[in-house]
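Chemist: First the structure, then my questions, so here it is.
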Ligand SMILES: [Zn+2]
């Protein structure tokens, strides 16, 4: 009798410790999974895939606890050159919706057909629908670098000649959020009211953000800013700056290009060079040394959109 009780006791302890370990490991792995390997159960949530990190806040704020957002281009990667892993493409096959930036970013230009073919029933939303594109700065940049001839003749011209970094403008972000909302309502109409309230609350924040930035950088209107990667075109359009890019067609400038940039930066009395964390700072450092400027990091791909854009505005208001 006593022996049976002992065995029962041991069995219970074993069951408890195994289930404990199971819970521990499954929690560990679902926390660990982060951006790329999220195979954990989706708890009935709508799985939405999008291309770049700033879209995550847009989607999460509208979708709230009804959605799970997976981003294809992970932190620190460059959407102009990124190639998705097989495990990421597998996730696409489980998604109900794909939110495309739709502004000619290379990641989508190269992979959109493949993504569609992996999941033909998935709803595809183009969140830049309705945005007025501005031309890519590469063209002006070439002129300012005075790089003509073979180098520019060889480069294959992008299907769309627009600047793809639409999200860096809080005005554009509001359009993107509206498009995401419309897309969500289409696939989940019964939660329309919930999405509407979320969307309106977030739009209020974005409008306030836009107002705050306008006021903050007012006295810097008309200034030129020197950036490594030309990702701030829409921000410059909205708040009255002009960006001069160091990088040319995704490559460091030629020695002649460097000399022109240094000449231009001295003429404009530029004191700050903006660099994104995704790119090398080597040529920016050379120029900074030459003109006595400091290097400041700003990130066009931060997942914390509103907080990050405040930081960007602070940086732009502090250029001299
Ligand atoms: Zn870029």
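Numbering (the working numbering), first residue to last: 3 to 322. Beta carbons are placed, not taken as given, at the ideal position from N, Cα and C, and that holds for glycine.
#1: In whole angstroms, what separates the C-alpha of residue 189 from that of residue 296?
#2: Assign residue 363 to one of two classes, buried (16 or more other C-beta atoms within 10 Å of its C-beta) or exposed (fewer than that).
#3: Going by alpha carbons, who is nearest to residue 106 out of 54, 93, 228, 213?
#4: Taking only three categories from DSSP, how would you classify residue 128?
#5: Quick check: what's the CA-CA separation for residue 1 versus residue 84?
#6: For residue 223, does the three-state DSSP call read helix, strand or coil?
#7: Report all residues for which the CB-ligand distance to some heavy atom of ligand 1 is below 6 Å; order them along the chain.
#8: Going by beta-carbon coordinates alone, are residue 281 and residue 236 separated by less than 8 Å?
#9: Return the bridge partner residues of residue 99 from the DSSP annotation.
#10: Ignore the nearest five residues each way along the sequence and tell me which others in residue 301's own chain have a CB closer than 7 Å to its CB.
#11: Am I right that residue 65 and residue 205 are in contact with their C-beta atoms under 8 Å? What's the rounded C-beta distance?
#12: Kindly indicate which three-state DSSP category residue 109 falls into: helix, strand or coil?
#13: Using CA atoms only, rank isn't needed, just tell me which of 303, 89, 221 is closest to residue 170.
#14: Go through the stretch 250-312 residue by residue and report every complete run of the alpha helix (DSSP H) that reaches 4 residues or more, in order.
#15: Please report the residue range of the beta strand (DSSP E) in which residue 71 lies.
#16: Considering just the uninterrupted stretch of the alpha helix (DSSP H) at residue 88, what are its terminal residues?
#17: The beta strand (DSSP E) that contains residue 244, what's its start and end?
#18: What are the start and end residues of the alpha helix (DSSP H) that includes residue 215?
#19: Buried or exposed: which applies to residue 255, given that a residue is buried once 16 or more other Cβ atoms fall within 10 Å of its Cβ?
#20: Can you tell me which of the three DSSP states residue 191 falls into?
#21: Over the uninterrupted alpha helix (DSSP H) stretch that includes residue 56, give me the two end residues.
#22: Measure the alpha-carbon distance for residue 225 versus residue 238 and round it to whole angstroms.
#23: Counting C-beta neighbours from all protein chains within 10 Å, is the total for residue 88 16 or more, i.e. buried, or is it exposed?
#24: Within the 8 Å Cβ cut-off, does residue 222 reach chain D?
#25: Short of 8 Å in beta carbon distance, which residues of its chain neighbour residue 133, apart from the five on each side in sequence? Order them along the chain.
#26: List the endpoints of the continuous alpha helix (DSSP H) containing residue 320.
#27: According to the Cβ coordinates, are residue 109 and residue 81 closer than 8 Å?
#28: With a Cβ-Cβ cutoff of 8 Å, do residue 227 and residue 245 count as a contact?
#29: If you drop the 5 nearest sequence neighbours on each side, which residues of the same chain put their C-beta closer than 8 Å to that of residue 136?
Modeler: The structure says:
#1: 48 Å
#2: The structure shown does not extend to residue 363, since the chain is modelled only from 3 through 322, so no value can be given for it.
#3: 54
#4: strand
#5: Past the boundaries of the shown model lies residue 1; the chain is included only from 3 to 322, so the question cannot be answered.
#6: coil
#7: 82, 167, 231, 233
#8: no
#9: 50, 125
#10: 278, 279, 310
#11: That belief does not hold up - the Cβ atoms of residue 65 and residue 205 are roughly 14 Å apart, past 8 Å.
#12: helix
#13: 303
#14: 257-269, 284-293
#15: 69-73
#16: 88-94
#17: 244-247
#18: 194-218
#19: buried
#20: helix
#21: 56-65
#22: 9 Å
#23: exposed
#24: The chain inventory of the structure shown lacks chain D, comprising one protein chain alone.
#25: 105, 168, 174, 177, 178
#26: Careful: residue 320 lies outside any alpha helix (DSSP H) and carries neither H nor E.
#27: yes
#28: yes
#29: 164, 165, 235, 236, 239
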